[in-house]
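**Q** One structure coming up, written as structure tokens, with questions to follow.
There are 2 protein chains.
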Amino acid sequence: MESLIVIPEPTKKRLIQMMQLLLQFDKTRITSLEISELTGWKDSLIRHDLWLVGYNKGISNGYKVSDLLDSIRKILCVDSTLEDNKKNCCIVGLGRLGAALLDDDLFSESQFRIKAGFDSNINRIEILRSSFSLYPINNMANIIRQEKIIFAILCVKNKDAQNITNKLIDAKIEGIVNLTEVIVKVPSGIKVENISIINALQLLK
Amino acid sequence: MESLIVIPEPTKKRLIQMMQLLLQFDKTRITSLEISELTGWKDSLIRHDLWLVGYNKGISNGYKVSDLLDSIRKILCVDSTLEDNKKNCCIVGLGRLGAALLDDDLFSESQFRIKAGFDSNINRIEILRSSFSLYPINNMANIIRQEKIIFAILCVKNKDAQNITNKLIDAKIEGIVNLTEVIVKVPSGIKVENISIINALQLLK
Numbered sequence: 003m004e005s006l007i008v009i010p011e012p013t014k015k016r017l018i019q020m021m022q023l024l025l026q027f028d029k030t031r032i033t034s035l036e037i038s039e040l041t042g043w044k045d046s047l048i049r050h051d052l053w054l055v056g057y058n059k060g061i062s063n064g065y066k067v068s069d070l071l072d073s074i075r076k077i078l079c080v081d082s083t084l085e086d087n088k089k090n091c092c093i094v095g096l097g098r099l100g101a102a103l104l105d106d107d108l109f110s111e112s113q114f115r116i117k118a119g120f121d122s123n124i125n126r127i128e129i130l131r132s133s134f135s136l137y138p139i140n141n142m143a144n145i146i147r148q149e150k151i152i153f154a155i156l157c158v159k160n161k162d163a164q165n166i167t168n169k170l171i172d173a174k175i176e177g178i179v180n181l182t183e184v185i186v187k188v189p190s191g192i193k194v195e196n197i198s199i200i201n202a203l204q205l206l207k
Numbered sequence: 003m004e005s006l007i008v009i010p011e012p013t014k015k016r017l018i019q020m021m022q023l024l025l026q027f028d029k030t031r032i033t034s035l036e037i038s039e040l041t042g043w044k045d046s047l048i049r050h051d052l053w054l055v056g057y058n059k060g061i062s063n064g065y066k067v068s069d070l071l072d073s074i075r076k077i078l079c080v081d082s083t084l085e086d087n088k089k090n091c092c093i094v095g096l097g098r099l100g101a102a103l104l105d106d107d108l109f110s111e112s113q114f115r116i117k118a119g120f121d122s123n124i125n126r127i128e129i130l131r132s133s134f135s136l137y138p139i140n141n142m143a144n145i146i147r148q149e150k151i152i153f154a155i156l157c158v159k160n161k162d163a164q165n166i167t168n169k170l171i172d173a174k175i176e177g178i179v180n181l182t183e184v185i186v187k188v189p190s191g192i193k194v195e196n197i198s199i200i201n202a203l204q205l206l207k
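Below, the structure written as structure tokens:
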């Protein structure tokens, strides 16, 4: 019945970050206060999130890190990083930023596998080195279907962002991580996560 | 008295994104419904945010884009992109990802100015091209002081993230955009915004 639990988006964001934090934590137990110190989130908020994960009692000597990690993984459906369960992704646009993501180390420990990179510049495709195949952007729809790619990381130039997004939608992509500075229009049902260094800097002010 | 308004963090995030959207909007008026369609946020949430900005009446024929933009800019203290008002930033770690940010176009339209890049590898500093100066990481504290740098974009290897963060804090940095996969510990008062492509992909699921 666990799949019936609807986790609010802000909680989901915190749980993902908490998972990352627990993976790096070097003790076997952790208290909500320690999580609070490491993340800056209010203690009560953390206990609310953990209550959603199934930890309905405050535990004075903290939570067992491995148990907590398993519970969060279960609730987020992060089953494992087994090759078979990985989700196929592609990188669209291999300029400076897109090319920086060709480093496969970035994704090796994750539940995601980059299956393809696309660029309109054929020379760039031939020059760049990567552990997965690179294709001309004209082949995008075919390769996405063929390689069962469901997510795209959008790194094209701002002026091409909407046009390429439309092509990705036609190719039946399910979600986009948008690294351009453009807010792209997508039909309902397609998820977009915007990543912007400028916006992040603005939040520091 | 405007500075007394405390804007909740989620509203701030939405306003920053709304600002970006308005800058790209090609009509002179926009309705909250149109903003809702473009962002996926609930209409009521948008009107709540705009109420905080000072638009306390629903306007049936929409808001004037330029007025709305001015109001949001004012509330977020985004005074202008004049050279004098720009905040000085640095990039720490010039591997593939850090080097991808050396493209000054990325920041040219923003309120931020990259003043320096740092890396422990002297060869890399000599090879890389950028419109601002690159320095060995040992000089970081001096340069940050000298160039009045207040924000850092952290692109070092995961294993070095905490160590370099400590050095940035010693150098009196005010905020960090963290592009590593490590949750870094900072004293209260120092802001950190984490940017993670893996986390963004996880949110698409």
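Top to bottom, those sequences are chains A and B. Its first residue numbered 3, the first sequence is counted upward by one per residue in the numbering used here. Its first residue numbered 3, the second sequence is counted upward by one per residue in the numbering used here. From the three backbone atoms N, C-alpha and C, an ideal C-beta is built for every residue, glycine too.
Which two residues bound the contiguous beta strand (DSSP E) that contains A/L2?
**A** The displayed coordinates of chain A run from 3 to 207. Any statement about residue 2 of chain A would go beyond what the structure contains.
**Q** Does chain A have any CB closer than 9 Å to the CB of B/N125?
**A** In the second sequence, counting from the first residue as 1, residue 125 of chain B sits at position 123. Closer than 9 Å: no.
**Q** Look at the Cβ atom of A/R16, then the Cβ atom of A/L40, and state whether they are nearer than 9 Å.
**A** By one-based count along the first sequence, residue 16 of chain A stands at place 14. By one-based count along the first sequence, residue 40 of chain A stands at place 38. Result no, Cβ atoms of A/R16 and A/L40 do not sit closer than 9 Å.
**Q** In whole angstroms, give me the CA-to-CA distance for B/L71 and B/R49.
**A** As a working mapping, residue 71 of chain B is identified with position 69 in the second sequence. As a working mapping, residue 49 of chain B is identified with position 47 in the second sequence. Cα to Cα, the separation comes out at about 15 Å.
**Q** Using the three-state DSSP reduction, which class does A/R147 fall into: helix, strand or coil?
**A** Position 145 of the first sequence holds residue 147 of chain A. Three-state result, A/R147: helix.
**Q** Could you name the residues of the same chain whose beta carbon sits closer than 8 Å to that of A/M21, not counting the 5 residues immediately before and after it, in chain order?
**A** Here residue 21 of chain A refers to the residue found at position 19 of the first sequence. Answer for A/M21: L71, I74, R75, L78, V80, listed in chain order.
**Q** Report the residue from A/V158, A/I166, A/I18 whose alpha carbon sits nearest the alpha carbon of A/G100.
**A** What you label residue 100 of chain A is simply residue 98 of the first sequence in a count that begins at 1. Of the candidates A/V158, A/I166, A/I18, the one whose C-alpha sits nearest the C-alpha of A/G100 is A/V158.
**Q** Roughly how many angstroms lie between the CA atoms of B/G42 and B/R131, to the nearest whole one?
**A** As a working mapping, residue 42 of chain B is identified with position 40 in the second sequence. As a working mapping, residue 131 of chain B is identified with position 129 in the second sequence. Near 40 Å, if we compare the C-alpha coordinates of B/R131 and B/G42.
**Q** Would you report the Cα separation of B/K88 and B/I116, rounded to the nearest angstrom?
**A** Taking the second sequence and counting its residues from 1, the one referred to as residue 88 of chain B is at position 86. Taking the second sequence and counting its residues from 1, the one referred to as residue 116 of chain B is at position 114. Approximately 10 Å between the Cα atoms of the pair.
**Q** Are there 16 or more other CB atoms within 10 angstroms of the CB of B/D51, so buried, or fewer, so exposed?
**A** Translated into the one-based positions of the second sequence, residue 51 of chain B becomes position 49. Buried: at least 16 other Cβ atoms inside 10 Å.
**Q** Shorter than 9 Å from the beta carbon of A/I74 to some beta carbon of chain B?
**A** As a first step, residue 74 of chain A is located in the first sequence; it is residue number 72 there, counting from the start. It does not: the Cβ of A/I74 has no partner Cβ on chain B nearer than 9 Å.
**Q** Can you look up A/G64 in the DSSP assignment and give me helix, strand or coil?
**A** Numbered from 1 along the first sequence, position 62 holds the residue referred to as residue 64 of chain A. Correct three-state label for A/G64: coil.
**Q** Round the Cβ separation of A/I208 and A/V188 to the nearest angstrom and send it over; I've been treating them as touching at under 8 Å.
**A** Within the shown structure, residues of chain A are numbered from 3 to 207, placing residue 208 of chain A beyond reach of any answer.
**Q** Expressed to the nearest angstrom, what Euclidean distance is found between the alpha-carbon atoms of B/L136 and B/F120?
**A** Translated into positions along the second sequence, residue 136 of chain B becomes position 134. Translated into positions along the second sequence, residue 120 of chain B becomes position 118. Taking the straight line from one Cα to the other gives about 6 Å.
**Q** For B/G95, which option in B/K207, B/L206, B/S38, B/T182 has the closest C-alpha, if you only look at C-alpha atoms?
**A** Counted from its first residue, the second sequence places residue 95 of chain B at position 93. The candidate whose alpha carbon is nearest that of B/G95 is B/T182.
**Q** Indicate whether at least one CB of chain B lies closer than 9 Å to the CB of A/K193.
**A** Numbered from its first residue, the first sequence carries residue 193 of chain A at position 191. Cβ-Cβ to chain B under 9 Å: yes for A/K193.
**Q** Within 10 angstroms of the Cβ of B/V8, are there 16 or more other Cβ atoms? Answer buried if so, exposed if not.
**A** In the second sequence, the residue the question calls residue 8 of chain B occupies position 6. Burial call: exposed.
**Q** Alpha carbon to alpha carbon, how far is A/T30 from B/F27? Give it in angstroms, no decimals.
**A** Position 25 of the second sequence, counting from 1, holds the residue named residue 27 of chain B. Position 28 of the first sequence, counting from 1, holds the residue named residue 30 of chain A. The straight-line gap from Cα to Cα measures roughly 51 Å.
**Q** Using the C-alpha atoms, what's the distance from A/Q113 back to A/L240?
**A** Residue 240 of chain A lies beyond the residue range present for chain A, which begins at 3 and ends at 207; the question has no answer from this structure.
**Q** Using 9 Å as the limit for Cβ to Cβ distance, is B/D51 near chain A?
**A** What you label residue 51 of chain B is simply residue 49 of the second sequence in a count that begins at 1. False, the Cβ-Cβ gap to chain A never drops below 9 Å.
**Q** For a cutoff of 9 Å on Cβ pairs, would you count B/K207 as touching chain A?
**A** Sequence index remark: in the second sequence, residue 207 of chain B carries index 205 (1-based). Yes, B/K207 lies at the interface with chain A (some Cβ there is under 9 Å from its Cβ).
**Q** Just grab the DSSP bridge partners of A/S122 for me.
**A** Indexing the first sequence from 1 puts residue 122 of chain A at position 120. Answer by DSSP bridge pairing: none, since A/S122 is not bridged.
**Q** Specify, as a first and last residue, the run of the beta strand (DSSP E) that A/N165 falls within.
**A** Residue numbering aside, residue 165 of chain A sits at position 163 when the first sequence is read from its first letter. Not the beta strand (DSSP E): A/N165 falls in the alpha helix (DSSP H), residues 163-172.
**Q** Just how far apart, CA to CA, sit A/S5 and B/N160?
**A** Walking along the first sequence from the start, residue 5 of chain A turns up at place 3. Walking along the second sequence from the start, residue 160 of chain B turns up at place 158. Residue placement at A/S5 is flagged as unreliable, the pLDDT there being 46, under the threshold of 50; a coordinate-derived value is accordingly withheld.
**Q** Using beta carbons (cut-off 9 Å, strictly below), is A/G177 in contact with chain B?
**A** Walking along the first sequence from the start, residue 177 of chain A turns up at place 175. Yes, because at least one Cβ of chain B sits closer than 9 Å to the Cβ of A/G177.
**Q** Hey, out of A/I145, A/G56, A/D107, A/R126, whose CA is closest to A/R98's CA?
**A** To locate residue 98 of chain A, count along the first sequence from 1; it is residue 96. Minimum Cα distance to A/R98 is reached at A/R126.
**Q** Quick one: grab the DSSP three-state call for B/N196.
**A** Taking the second sequence and counting its residues from 1, the one referred to as residue 196 of chain B is at position 194. It is a strand residue.
**Q** Is A/N58 helix, strand or coil when you go by DSSP?
**A** Within the first sequence, the letter at position 56 stands for residue 58 of chain A. Looking at A/N58 - three-state DSSP - the assignment turns out to be coil, as it is neither helix nor strand.
**Q** Starting from B/C91, find everything on chain A with Cβ-Cβ shorter than 8 Å and list it in chain order.
**A** If you number the second sequence from 1, residue 91 of chain B lands on position 89. Residues of chain A passing the Cβ test: L203.
**Q** Would you verify that the beta carbon of B/A102 is, or is not, closer than 9 Å to some beta carbon of chain A?
**A** Here residue 102 of chain B corresponds to residue number 100 of the second sequence, with the count starting at 1. Taking Cβ atoms only, chain A reaches closer than 9 Å to B/A102, which makes this a yes.
**Q** Should B/S34 go down as buried or exposed, given a rule of 16 or more other Cβ atoms within 10 Å for buried?
**A** As a first step, residue 34 of chain B is located in the second sequence; it is residue number 32 there, counting from the start. Burial call: buried.
**Q** My output table needs one value for B/E4: the three-state DSSP class, helix, strand or coil.
**A** Taking the second sequence and counting its residues from 1, one reaches residue 4 of chain B at position 2. Residue confidence is low: B/E4 scores 42 on pLDDT, short of 50, so the model does not pin down where it sits. No coordinate-derived value is stated.
**Q** Tell me the DSSP secondary structure of B/F114 in three-state form.
**A** For this step, residue 114 of chain B is matched to residue 112 along the second sequence. DSSP places B/F114 in strand when its eight states are reduced to three.
**Q** Could you pull the start and end residues of the alpha helix (DSSP H) that B/K88 belongs to?
**A** For the purposes of this step, residue 88 of chain B is taken as the residue at position 86 of the second sequence. Note, B/K88: premise wrong, no alpha helix (DSSP H); not H, not E.
**Q** Return the residue from the list A/D162, A/N140, A/P138, A/K174 that minimises the CA-CA distance to A/F154.
**A** On the first sequence, position 152 is the one that residue 154 of chain A refers to. Sequence check: residue 154 of chain A is Ala here, not Phe. Comparing Cα positions, the closest option is A/K174.
**Q** Enumerate in chain order the residues of its own chain whose CB-to-CB distance from B/I197 is below 8 Å, with the five nearest sequence positions on each side excluded.
**A** Taking the second sequence and counting its residues from 1, one reaches residue 197 of chain B at position 195. Answer for B/I197: V179, N180, L181, listed in chain order.
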